[in-house]
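In the working numbering, the protein residues as written are 516 to 756.
Cβ coordinates follow ideal geometry from the N, Cα and C atoms, glycine included.
Here the structure is a predicted model, which is why all the values come from computation and not from measurement.
First the structure, in the form of structure tokens, and then the observations on it.
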Ligand code: SAM
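Dropping the structure here:
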């Protein structure tokens, strides 16, 4: 079933009116016809089954024949990911979306790479949208503007963790089992390829962000972002709990 996220204004009075890129996809790429059914979402968490009735040059219209609520994670996981080479950052966006991450924040660290251009941010939004449609999520994750590490430490919500390969005492699972069960907001800080500086970890600690180990092996930054997000969501019952 083809799925399309559209502005809420396109859904009115029991019918859907699709224009622009969605119309192009329906008419010229998928070559759908009246009578075909598509899934349309307005980012409210509801999905609407729409039976196509008319495909015009300016818009496609259809009747909403059914609607259902899509289960989104109870846990709102915000992933502060140190900026990486773009293809690696895009992997984190795609896999994190499939897993159920709610918010992505590109993190400007002392050792992170250049700030992404406007064009790159638009590409990342498209990757989020495609991963959301493919994974049948009901809501698009948010991609925030890049923030400095200091600002991120000040704004992080809920139970906040910073995986750090030099942390030898507390493991991720212990930290989650101690504290996270009742939490609905979790923030996760992952460093860039060059890692966090000790000063950054110390600042995080003073802001109540808990350094944790992901084990004795050094994970690449993109691996750490995906694995740590999966582990948090698994531990909190969001991956088939
Ligand atoms: N210092 C690392 C090295 O020697 O290659 C570079 C940082 S690592 C590639 C990128 C990020 O992944 C780290 O900043 C940390 O957030 C996370 N990470 C990787 N392995 C980890 C581990 N075993 N425990 C905790 N965090 C880890």
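Under the three-state DSSP convention, the category residue i falls into
{"i": "residue 552", "result": "strand"}
{"i": "residue 688", "result": "helix"}
{"i": "residue 727", "result": "strand"}
{"i": "residue 518", "result": "strand"}
{"i": "residue 597", "result": "strand"}
{"i": "residue 712", "result": "coil"}
{"i": "residue 676", "result": "strand"}
{"i": "residue 568", "result": "strand"}
{"i": "residue 591", "result": "strand"}
{"i": "residue 531", "result": "strand"}
{"i": "residue 562", "result": "strand"}
{"i": "residue 544", "result": "helix"}
{"i": "residue 694", "result": "helix"}
{"i": "residue 722", "result": "coil"}
{"i": "residue 466", "result": "Within the shown structure, residues of the chain are numbered from 516 to 756, placing residue 466 beyond reach of any answer."}
{"i": "residue 669", "result": "helix"}
{"i": "residue 682", "result": "coil"}
{"i": "residue 717", "result": "helix"}
Limits of the unbroken beta strand (DSSP E) element including residue i
{"i": "residue 539", "result": "Segment 535-539 is the alpha helix (DSSP H) holding residue 539; no beta strand (DSSP E) there."}
{"i": "residue 703", "result": "700-705"}
{"i": "residue 660", "result": "Segment: none, residue 660 is in no beta strand (DSSP E) and carries neither H nor E."}
{"i": "residue 579", "result": "575-584"}
{"i": "residue 623", "result": "618-623"}
When the options are compared against residue i, the one with the closest alpha-carbon
{"i": "residue 561", "options": "697, 653, 706", "result": "653"}
{"i": "residue 581", "options": "563, 598, 703, 590", "result": "563"}
{"i": "residue 595", "options": "604, 589, 587, 694", "result": "604"}
{"i": "residue 619", "options": "703, 533, 516", "result": "703"}
{"i": "residue 516", "options": "547, 598, 747, 738", "result": "547"}
{"i": "residue 677", "options": "697, 712, 531, 552", "result": "712"}
{"i": "residue 664", "options": "623, 632, 633", "result": "623"}
{"i": "residue 693", "options": "667, 750, 721, 531", "result": "750"}
{"i": "residue 684", "options": "726, 666, 545, 626", "result": "726"}
{"i": "residue 710", "options": "748, 688, 739, 572", "result": "739"}
{"i": "residue 567", "options": "534, 579, 641, 635", "result": "579"}
{"i": "residue 535", "options": "642, 519, 550", "result": "519"}
{"i": "residue 732", "options": "679, 715, 521", "result": "679"}
{"i": "residue 675", "options": "730, 720, 666", "result": "720"}
{"i": "residue 638", "options": "697, 601, 527, 747", "result": "601"}
{"i": "residue 697", "options": "606, 608, 747", "result": "747"}
{"i": "residue 585", "options": "724, 666, 707, 650", "result": "650"}
{"i": "residue 715", "options": "755, 644, 686, 625", "result": "625"}
{"i": "residue 614", "options": "631, 643, 569, 621", "result": "643"}
Element boundaries [alpha helix (DSSP H), containing residue i]
{"i": "residue 606", "result": "601-614"}
{"i": "residue 740", "result": "736-750"}
{"i": "residue 525", "result": "No alpha helix (DSSP H) contains residue 525, which DSSP labels as neither H nor E."}
{"i": "residue 648", "result": "633-649"}
Expected contact under 8 angstroms - CB spacing of residue i and residue j to nearest Å
{"i": "residue 673", "j": "residue 699", "result": "7 angstroms"}
{"i": "residue 616", "j": "residue 661", "result": "Not a contact, Cβ separation roughly 17 angstroms."}
{"i": "residue 728", "j": "residue 670", "result": "With a Cβ gap of about 25 angstroms, residue 728 and residue 670 do not count as contacting."}
{"i": "residue 753", "j": "residue 588", "result": "5 angstroms"}
{"i": "residue 554", "j": "residue 575", "result": "Actually they do not touch by this definition, with Cβ atoms about 14 angstroms apart."}
{"i": "residue 597", "j": "residue 627", "result": "5 angstroms"}
{"i": "residue 533", "j": "residue 523", "result": "The pair is not a contact, with the Cβ atoms about 13 angstroms apart (cut-off 8 angstroms)."}
{"i": "residue 741", "j": "residue 590", "result": "Contact doesn't hold; Cβ gap of about 16 angstroms is too wide."}
{"i": "residue 565", "j": "residue 577", "result": "4 angstroms"}
{"i": "residue 691", "j": "residue 743", "result": "Between residue 743 and residue 691 the Cβ distance is about 10 angstroms, and since that is not below 8 angstroms, they are no contact."}
{"i": "residue 745", "j": "residue 707", "result": "Not really, about 20 angstroms apart at Cβ, beyond 8 angstroms."}
Within 7 angstroms of the ligand SAM: residues by beta-carbon to any heavy atom: Listed along the chain, these residues meet the criterion: 597, 677, 678, 679, 680, 682, 704, 705, 706, 707, 708, 709, 710, 711, 727, 728, 729, 730, 731, 732, 733, 734, 735, 736, 739.
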